[in-house]
Amino acid sequence: MLEQLKKHYEGKIMTTPQNSEAQYTWLKTPQGELFGIDLDALSESESSLLLALCQYEGKMDNALSQPENRWHRILFEGEQYDGSGSFRFLHLLFKKPLQEISSLKQAVHGLFPHSSVFILHPDQKSGVIIEQEYSDSDEEAYAGFKELITSDLYLDVQLFAGLWQQDGSDPSIVYQAEREAFQSAAGGLPPKDVYRFSDIIPRLLLNDAASHTKQVLSSLLPEDILEDKEMAQSIKVYIESGFNISVAAKKLYIHRNSLQYRVDRFAERTGIDVRQFHQALPVYFALL
5 MLEQLKKHYE
15 GKIMTTPQNS
25 EAQYTWLKTP
35 QGELFGIDLD
45 ALSESESSLL
55 LALCQYEGKM
65 DNALSQPENR
75 WHRILFEGEQ
85 YDGSGSFRFL
95 HLLFKKPLQE
105 ISSLKQAVHG
115 LFPHSSVFIL
125 HPDQKSGVII
135 EQEYSDSDEE
145 AYAGFKELIT
155 SDLYLDVQLF
165 AGLWQQDGSD
175 PSIVYQAERE
185 AFQSAAGGLP
195 PKDVYRFSDI
205 IPRLLLNDAA
215 SHTKQVLSSL
225 LPEDILEDKE
235 MAQSIKVYIE
245 SGFNISVAAK
255 KLYIHRNSLQ
265 YRVDRFAERT
275 GIDVRQFHQA
285 LPVYFALL
């Protein structure tokens with residue numbers, strides 16, 4: 005429906021709330037597609053018809069600041085990047101389209117004060133925080149940010165920290181590559197405050213693997229091991245924890261001796277010693 009409306013009202017419809025003018029009224033199609041249109045510029049009958057067919061979402065005062073507008077043009081409109089210094093993208097992936105942008109922007113500027121900019125993707129289900137001053141942000145900082153927007157703003161979100169980029173990097177290329185990688189892997193990732201490339205690369209490799217490679221991996225472990233969810237999860241977490249029994253046991257909320265027993269039992273049932281990296285690697289891919 006939205007594509008038909010775009011053709012009919014060419015040049016009069018917007019799909020990015022944060023770029024909108026104050027006079028735009030925002031509506032949602034029966035398919036859940038959000039769009040803005042200046043109803044005052046339409047005839048009374050056209051306005052009435054749109055309001056009857058679509059859900060009214062109201063006005064949205066989400067005009068871009070000057071830095072946000074600059075980055076929006078760089079990422080989505082092909083403007084050349086002429087900046088210097090480092091930058092990094094912190095990608096956000098929402099379970100539902102984001103409607104309330106202003107509150108999220110306040111949270112971003114409060115927790116990332118170092119020249120940070122938030123840009124919402126036109127699909128409204130993903131966004132990016134652009135950090136422009138190098139900071140060695142740790143897990144606790146990201147955990148605090150995620151907890152804030154989850155508990156205070158009631159947003160279900162996944163976070164992915166990209167790599168710091170230096171002079172000469174093309175932001176639009178980096179942004180698109182990181183965003184596509186994150187979205188490709190997001191569905192199969194275990195819960196975590198923030199994901200990094202080391203977290204998503206195994207899933208990306210598995211997604212891109214040839215069909216015969218996937219068949220080999222699926223036949224690596226006996227069926228009874230795969231059906232034993234407790235055993236499979238224990239081995240997976242053990243490998244993800246760097247073969248550290250104590251760390252893995254803490255994540256699994258079990259005693260380390262119980263986990264050690266499962267690791268030994270796994271070796272007996274499969275003949276694979278997951279304490280050895282070269283043996284653990286194919287097992288990990290088989291368990292993804």
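Basically our numbering = 1-based index in the sequence shown + 4. Where a beta carbon is used, it is the ideal one built from N, C-alpha and C, also for glycine.
Expected contact under 8 Å - CB spacing of residue i and residue j to nearest Å
i: residue 146; j: residue 163; result: 6 Å
i: residue 102; j: residue 128; result: 5 Å
i: residue 190; j: residue 157; result: The pair is not a contact, with the Cβ atoms about 20 Å apart (cut-off 8 Å).
i: residue 188; j: residue 208; result: 6 Å
Where residue i falls, given that 16 or more other Cβ within 10 Å makes a residue buried
i: residue 130; result: buried
i: residue 275; result: exposed
i: residue 223; result: exposed
i: residue 281; result: exposed
i: residue 214; result: exposed
i: residue 231; result: exposed
i: residue 151; result: exposed
i: residue 216; result: exposed
i: residue 285; result: exposed
i: residue 31; result: buried
i: residue 120; result: buried
i: residue 72; result: buried
C-beta atoms of residue i and residue j nearer than 8 Å
i: residue 94; j: residue 132; result: yes
i: residue 42; j: residue 60; result: no
i: residue 79; j: residue 105; result: no
i: residue 260; j: residue 250; result: yes
i: residue 33; j: residue 55; result: no
i: residue 229; j: residue 279; result: no
i: residue 161; j: residue 169; result: no
i: residue 134; j: residue 91; result: yes
i: residue 149; j: residue 115; result: yes
i: residue 174; j: residue 88; result: no
i: residue 239; j: residue 270; result: yes
Residue of the options minimising C-alpha distance to residue i
i: residue 241; options: 221, 289, 210; result: 289
i: residue 109; options: 155, 69, 74, 18; result: 69
i: residue 50; options: 84, 213, 12; result: 12
i: residue 39; options: 47, 48, 46, 9; result: 9
i: residue 248; options: 200, 264, 151, 233; result: 264
i: residue 185; options: 205, 198, 82, 99; result: 205
i: residue 201; options: 266, 219, 287, 182; result: 182
i: residue 77; options: 100, 176, 18; result: 176
i: residue 262; options: 235, 84, 203; result: 235
i: residue 220; options: 107, 287, 81; result: 287
i: residue 203; options: 83, 283, 167; result: 167
C-alpha distance - residue i paired with residue j, whole-angstrom precision
i: residue 165; j: residue 291; result: 24 Å
i: residue 196; j: residue 225; result: 27 Å
i: residue 86; j: residue 74; result: 11 Å
i: residue 52; j: residue 44; result: 11 Å
i: residue 237; j: residue 255; result: 11 Å
i: residue 113; j: residue 257; result: 36 Å
i: residue 58; j: residue 180; result: 32 Å
i: residue 15; j: residue 122; result: 26 Å
i: residue 144; j: residue 48; result: 54 Å
i: residue 37; j: residue 253; result: 45 Å
i: residue 293; j: residue 138; result: Look at the range of the chain in this structure, 5 to 292, and you will see that residue 293 is not part of it.
i: residue 100; j: residue 268; result: 43 Å
i: residue 155; j: residue 107; result: 13 Å
i: residue 212; j: residue 199; result: 19 Å
i: residue 233; j: residue 83; result: 50 Å
i: residue 81; j: residue 46; result: 28 Å
i: residue 277; j: residue 283; result: 6 Å
i: residue 227; j: residue 218; result: 15 Å
i: residue 266; j: residue 35; result: 48 Å
Within-8 Å CB hit, residue i to chain B
i: residue 202; result: Protein chains in the displayed structure number just one, and chain B is not present.
Distance cut-off 7 Å: residue i Cβ against heavy atoms of the ligand PLP
i: residue 158; result: This structure simply doesn't include the ligand PLP, nor any ligand for that matter.
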